[in-house]
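Number of protein chains: 4
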Amino acid sequence: MQEQAQRMGRPREGRVDTAIAKATLELLGEVGYARLTMDEVASRAGISKATIYRRHPSKQEMVFAVAIHGDELPIPDTGTLRGDLEQLARTIVGHLSGPATKALIGLLGEVDTDPGLADRFVSAFIEPERLGNTAMLEQAVRRGELARLPDMNLFHAMFGGTVLAWTLLARNAPEELPERLATAALAVLRDAELRAGST
Amino acid sequence: MQEQAQRMGRPREGRVDTAIAKATLELLGEVGYARLTMDEVASRAGISKATIYRRHPSKQEMVFAVAIHGDELPIPDTGTLRGDLEQLARTIVGHLSGPATKALIGLLGEVDTDPGLADRFVSAFIEPERLGNTAMLEQAVRRGELARLPDMNLFHAMFGGTVLAWTLLARNAPEELPERLATAALAVLRDAELRAGST
Amino acid sequence: MQEQAQRMGRPREGRVDTAIAKATLELLGEVGYARLTMDEVASRAGISKATIYRRHPSKQEMVFAVAIHGDELPIPDTGTLRGDLEQLARTIVGHLSGPATKALIGLLGEVDTDPGLADRFVSAFIEPERLGNTAMLEQAVRRGELARLPDMNLFHAMFGGTVLAWTLLARNAPEELPERLATAALAVLRDAELRAGST
Amino acid sequence: MQEQAQRMGRPREGRVDTAIAKATLELLGEVGYARLTMDEVASRAGISKATIYRRHPSKQEMVFAVAIHGDELPIPDTGTLRGDLEQLARTIVGHLSGPATKALIGLLGEVDTDPGLADRFVSAFIEPERLGNTAMLEQAVRRGELARLPDMNLFHAMFGGTVLAWTLLARNAPEELPERLATAALAVLRDAELRAGST
DNA sequence: CATTAATCGAGACGGTACGTCTTGTCTTGCA
DNA sequence: TGCAAGACAAGACGTACCGTCTCGATTAATG
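Protein chains in written order, with our numbering: chain X, 1 to 199; chain V, 1001 to 1199; chain B, 2001 to 2199; chain Z, 3001 to 3199.
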């Protein structure tokens, strides 16, 4: 689709993007978003600051591009809904342990600075996850484990939000969550089925 | 409590604390945590920066003290568990609309910078809320609506996390949440009762 | 006269201005105007860049303030016009060997960048020198060595310009100039006397 | 002269040199040496930066080559020494009004950066002018207006230096200089004759 | 009533990161 | 090979913010 983008002049070096991403993720992991500096990213990537700014207009955008990049969570397929729920919880928990989370939280704190960043968040981070959740539950419907899709807005907020609060706010042990969350989610889904059936 | 603190010299002016709080909350609302500057707070409060720093050791601590200040959510008491759950959801949603949220998120992004801030968070924000939740469910137990308390860690993470994700991340309409969340929470609680009873 | 300048807040430290001047002159001497960097000035002066910029709005202005500062050449008074001329030539030659000259030339190259800098030059550098020249020749008139003042514009341009071209452009030996210049200047002055007398 | 330079591949386009010179002189006139950028020169010339750097090793050299290019001032020949002096003054004044002057001053400010630039200056700018001056005065000797050549170092510094100071530093009206300078120069020359004769 | 000790407004200061700009080099593909 | 286009490394510029500091002027409690 974007084939018509004519190449003129020296093409950008792929190595650069890789190096920026590597350095950024490293630093996010080591010192977090607030103390990540562009000079240090450039230094570690072995490139110059100007080269970073040719690709990303600001620190925010760079971190966003590197750390959020529409992750496309893999849709779990364990054979049972309960297994899928546990699997998904595990995946999200895993994600929230990597450097991406520090990026996520740091950027969230600067949403007010850059109008439009909020929308970018929704479309790059929230929306794909929501679609993944939907696909997972549609699978369950096809398997006959669910009669219909529940209120996806609520399900999505509940599932992701619980993981967030459990690990980042309450700082509970991550490995203890998936099983419990799966149980709770199943309860909600079954209850919704009954409620819908009786209406 | 710390009355024994000897007073010598000129006493602090109460007006100052009020002005700091007012200016801080204003700015949090207008530009968010990241773009709130100490100079601007001082300027709006009509005081000097040194005066702020005499009370609060850093920007983080100031915002923390002003915006988080262990709110002691009032324990809802509507007569029914379902009513209480809706009421609580409404209260939390309300809180997350004020400037306190911007403070919360901004500070969260600087947890890596200041070790110990995380603990402060837990003790000033998470723990009181957890206790409130517990009190609310104990009420339901006394009323006979629940046989016993559920896994409070999970309940708390789920309840608060869902509100957070619904309003801040997904940016759904706040007023649509309380009823749905109460339904979901009830489903989880009832399911846990059954599961516990059969064990 | 500027007594009404109310002092509020912490007063500026005199040490800072001294340190800036010292570091700037040192660097002008070592690497010249173009390669003098604000970071290095700050570093050598043991102060921060912000402190420099509080006093001087740009590199240009800083160098200007430090190196040009209306030097008020001392008016020579050797007893004879010829002696005074030689003395003055020696003084100017001496000045053009210090770091101030590198500043002068470097700034001259950036006159186009900052409109108004040209005027500042004239009033801080040219005008005082012209007045000094005038005072010197008035002395000669009082002594009876001259009947009247010559065309001061021409005299000034000739005297200063010759020193400039001799040392900076042609790069001749500085010590050989004063005597020759005094002779030439005397010739011009005497010739002007004759010409004026016969008119 | 260097015709033996092997030509391989595509020959250089003459149009390019013209365009570089045109753009450079334009920019020197508009914004001066310091704010002239290589990118803007390339852009205006409709060529690429690499093409400039294939011809000129640096900004300094480019400006030098374009603006100074050993002008070979035409030796005036009006029939009288006084006429020649006025004529020469007029020529120099004319030169110092064009973009060449901004180049001259700008480059002078970077002499410290590039050792050797000073020598280039002398050989490309000072020396030819000195030779021109000498030729002019030899003409006067042949005509019998002078008995012998004066101290050419001094004469040259005085003549050129006066024009420089008059127009660039003092910023006097250029058209008022030639007649006055001719008179002064004549006075110096005549005085030197007397002095030499009496020795 | 004078002393004392802390407070306050104002703003200078050191440190540090940001994002921009310019120079001179290098790498494509086309002619 | 020459050239247009433009990416790249290096590094200076001027701005912004934080948290500390130094003034001089208050303002109670104490001696």
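For every residue, glycine included, the Cβ atom is placed at its ideal position computed from N, Cα and C. As the structure is a computational prediction, the values presented were derived from the model and not from experiment.
Query                                                                                                                                  : Result
Whether B:A2185 touches B:F2159 by CB criterion (8 angstroms)                                                                          : yes
Beta-carbon proximity check, X:E86 vs X:A147, cutoff 8 angstroms                                                                       : no
C-alpha distance - Z:L3104 paired with X:G32, whole-angstrom precision                                                                 : 52 angstroms
Residues, ordered as in the chain, of the stretch 1045-1069 of chain V that lie near chain X by beta-carbon distance below 7 angstroms : none
Limits of the alpha helix (DSSP H) - the one that B:D2017 falls within                                                                 : G2014 to V2031
Simplified DSSP assignment, three categories, for B:D2084                                                                              : helix
Complete beta strand (DSSP E) runs within the stretch 3035-3066 of chain Z (minimum length 3 residues, chain order)                    : none
Distance CB(B:I2068)-CB(B:F2125) smaller than 8 angstroms                                                                              : yes
Residue interval of the alpha helix (DSSP H) (run including B:M2008)                                                                   : Segment: none, B:M2008 is in no alpha helix (DSSP H) and carries neither H nor E.
Per-residue contacts from B:D2039 into chain Z (C-beta, under 8 angstroms)                                                             : Per Cβ cutoff of 8 angstroms: no residues; B:D2039 is ~18 angstroms from chain Z at best.
Beta carbon of X:L149 nearer than 8 angstroms to that of X:L137                                                                        : yes
Buried versus exposed, by CB contacts within 10 Å (16 or more), B:Q2002                                                                : Unreliable placement is indicated for B:Q2002, whose pLDDT of 38 sits below 50; no coordinate value is reported for it.
Beta-carbon proximity check, Z:M3038 vs Z:K3049, cutoff 8 angstroms                                                                    : yes
For X:V66 and B:A2034, the rounded distance between their alpha carbons                                                                : 39 angstroms
is_contact[Z:M3158, chain B] using C-beta, thresh 8 angstroms                                                                          : yes
Interfacial residues, the stretch 3079-3110 of chain Z to chain B, with Cβ spacing under 7 angstroms                                   : K3102, I3105, G3106, L3108, G3109 and E3110
Residues that V:N1153 contacts on chain X, provided the C-beta gap is smaller than 7 angstroms                                         : A170 and N172
CB of V:V1188 within 8 angstroms of CB of X:A187, strictly                                                                             : yes
CB of Z:N3153 within 8 angstroms of CB of B:N2172, strictly                                                                            : yes
Local Cβ density within 10 Å of B:G2106, reported as buried at 16 or more and exposed below that                                       : buried
7 angstroms Cβ cut-off: residues of chain B touching Z:A3165                                                                           : A2157, G2160, G2161 and L2164
Chain-order list of residues whose beta-carbon lies under 8 angstroms from that of Z:E3145 (same chain, five-residue window excluded)  : T3080 and L3081
Chain Z within 8 angstroms of B:V2016, Cβ atoms only                                                                                   : no
Residues near B:R2090 in its chain [Cβ-Cβ closer than 6 angstroms; skip 5 each side]                                                   : P2178
Among Z:P3128, Z:V3122, Z:R3120 and Z:T3183, the one whose alpha carbon lies nearest that of B:V2151                                   : According to the sequence as given, residue 2151 of chain B is Asp; it is not Val. Nearest option by C-alpha distance: Z:T3183.
X:G160: first and last residue of the uninterrupted alpha helix (DSSP H) it sits in                                                    : M152 to L164
Contact under 8 angstroms by Cβ, X:V93 with X:P174                                                                                     : yes
Residue-chain proximity (Z:R3148, chain B), Cβ-Cβ < 8 angstroms                                                                        : no
Separation of V:V1111 from V:D1119, as counted between CA atoms                                                                        : 10 angstroms
Euclidean distance between Cα positions of Z:E3061 and X:F121                                                                          : 51 angstroms
Beta carbon proximity, B:N2133 to chain Z, threshold 8 angstroms                                                                       : no
Reduced DSSP secondary structure (H/G/I, E/B, other) of V:D1112                                                                        : coil
Close beta carbons around Z:T3024, own chain, < 6 angstroms, minus the five adjacent residues each side                                : V3041 and V3066
Within chain V, the residues that X:T113 reaches when beta carbons sit closer than 9 angstroms                                         : V1031, G1032, A1034 and R1035
is_contact[V:R1180, chain X] using C-beta, thresh 8 angstroms                                                                          : yes
Nearest residue (CA-CA) to V:E1030, options V:D1114, V:T1101, V:T1167 and V:E1127                                                      : V:T1101
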